[in-house]
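Under my numbering, the very last position in the sequence shown is 742; numbers go up by exactly one each time.
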Amino acid sequence: MDTTVDTTLAGNGDVGDFIALLKPRVMSLVVFTAIVALALAPVQLHPVIAVAAILSIAIGAGAAGALNMWYDADIDRVMSRTRGRPIPSGAVNPQEALTFGVILSGFSVVVLGLATNWLAAGLLFFTIFFYAVIYTMWLKRATALNIVIGGAAGSFPPVIAWAAATGTVTLEPIVLFLIIFFWTPPHFWALALVRSGDYARAGVPMLPVVSGIGETRRQIFLYSVLLVPLGVAPAVLGFGGWLYLAVSLGLGIVFLALAWQLWRGPEGAIGPVAKRLFGFSILYLFALFAALLVERVVGLPGTGISAHSFLGISV
């Protein structure tokens, strides 16, 4: 199969094509999780510095997306979902995309370091490197665990934002990291079930292609079982309130129900249920972080639960 990129129209892209390189829809959810972490941090940044931090994280995430599109242009040209992207369509030259991604990467890291601290900048640099090199150039084409390990890249923004505000990394951002990390496999594998033919044609070893649809359905449910208790953890640890507890429990039950339906339901319903789970998973993650943000803005109290009292330990 010829997977070379048609560059006959290269260089004719407009501003919209370069914005598309940043994967704005993916970036928006990533940036939102960073905003929430920044709001939750015990140290409040000056508004100008806070805006600079969020913009740096957003630009860094977009830069990683551009580098991903540059390297994956051959795959994107084969897959129906991605063949209209700027590089395979010929609107943007691969070299332009590479230069664009590298410049934005360096700019975002330097600005974040100067505006906040170099721990946050170092974490942003590592995130871009992990997504562009470890995930895109290696894991994605090498193993069915690509999403499991590679999901760490999309989990770092809350940690980066927390570090930008406090100069440290504590339990709270680690919990937020773990929620996103364990959310990523069921989210993307649900999409992979629907697009397994695309991934097979492109030679990408996604779990449905390598291990089959049945194993993918089982793994989605297992990761969902791990995710839902993690989703409740902020309330158990005291930095989520009663609103968060209600949202995380209610949506977690629905998430588990959809994952169970996908695993144990009839094969003829796999496609529709997988689509519902994929769409609901976006709502789930957004709602969890939105609940934390609302509690912070409104000033709602925490649950009063601590890890010690939850486990029945007195100290």
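Here a beta-carbon is modelled for each residue, glycine too, at the ideal position from N, C-alpha and C.
The stretch 525-566 contains no complete beta strand (DSSP E) run of 3 or more residues.
Segment contact: the stretch 647-667 against the stretch 602-619, three or more CB-CB distances shorter than 8 Å; contact assigned. Of the candidates GLU642, GLY641 and LEU620, the residue whose Cα lies closest to the Cα of PRO699 is LEU620. If you check the CB distance, GLY528 and LEU482 do not come in under 7 Å.
Three or more Cβ pairs closer than 8 Å define a contact, and the stretch 579-596 falls short of that threshold against the stretch 646-658.
The three-state secondary structure of GLY668, taken from DSSP, is strand. Here ILE514 carries a coil assignment [DSSP, helix/strand/coil].
Sequence-distant Cβ neighbours of TYR671 in its own chain, meaning closer than 7 Å and more than five residues away, are PRO661, ALA662, ALA718, LEU719 and GLU722. The three-state secondary structure of LYS450, taken from DSSP, is coil. Taking THR460 as reference, the option from PRO451, PHE552, GLY581 and ASN439 with the minimal CA-CA separation is GLY581. One thing to note: ALA491 has its Cβ no nearer than 7 Å to the Cβ of ALA447. Rounded to whole angstroms, the gap between the alpha carbons of GLU642 and MET454 is 30 Å. If you check the CB distance, PRO515 and ALA500 come in under 7 Å.
Per DSSP, the continuous alpha helix (DSSP H) segment holding LEU654 begins and ends at 640-663. Closest in C-alpha terms to HIS614, from the list GLN646, GLY517, ILE601 and TRP669, comes GLN646. Cα atoms of ILE484 and LEU551: separation of roughly 7 Å, rounded to the nearest angstrom. For the pair ILE555 and ALA488, the Cα-to-Cα distance works out to about 7 Å.
ALA493: member of the alpha helix (DSSP H) spanning 474-498, first to last residue. Between LEU566 and GLY577, the C-beta gap is smaller than 7 Å, which places the two residues in contact. Counting along the chain, the unbroken alpha helix (DSSP H) around ASN573 starts and ends at 573-582. Our two residues, LEU465 and GLN471, have alpha carbons roughly 8 Å apart in a direct line. THR611 carries a helical assignment under DSSP once its states are collapsed to helix, strand and coil.
Straight through space, the alpha carbons of TYR562 and GLY517 are spaced by roughly 24 Å.
When only Cα atoms are considered, ALA588 and PHE553 end up about 14 Å apart. Counting only residues of its own chain and dropping the five nearest sequence neighbours on each side, ILE709 has a CB closer than 8 Å to the CB of LEU456 and HIS614.
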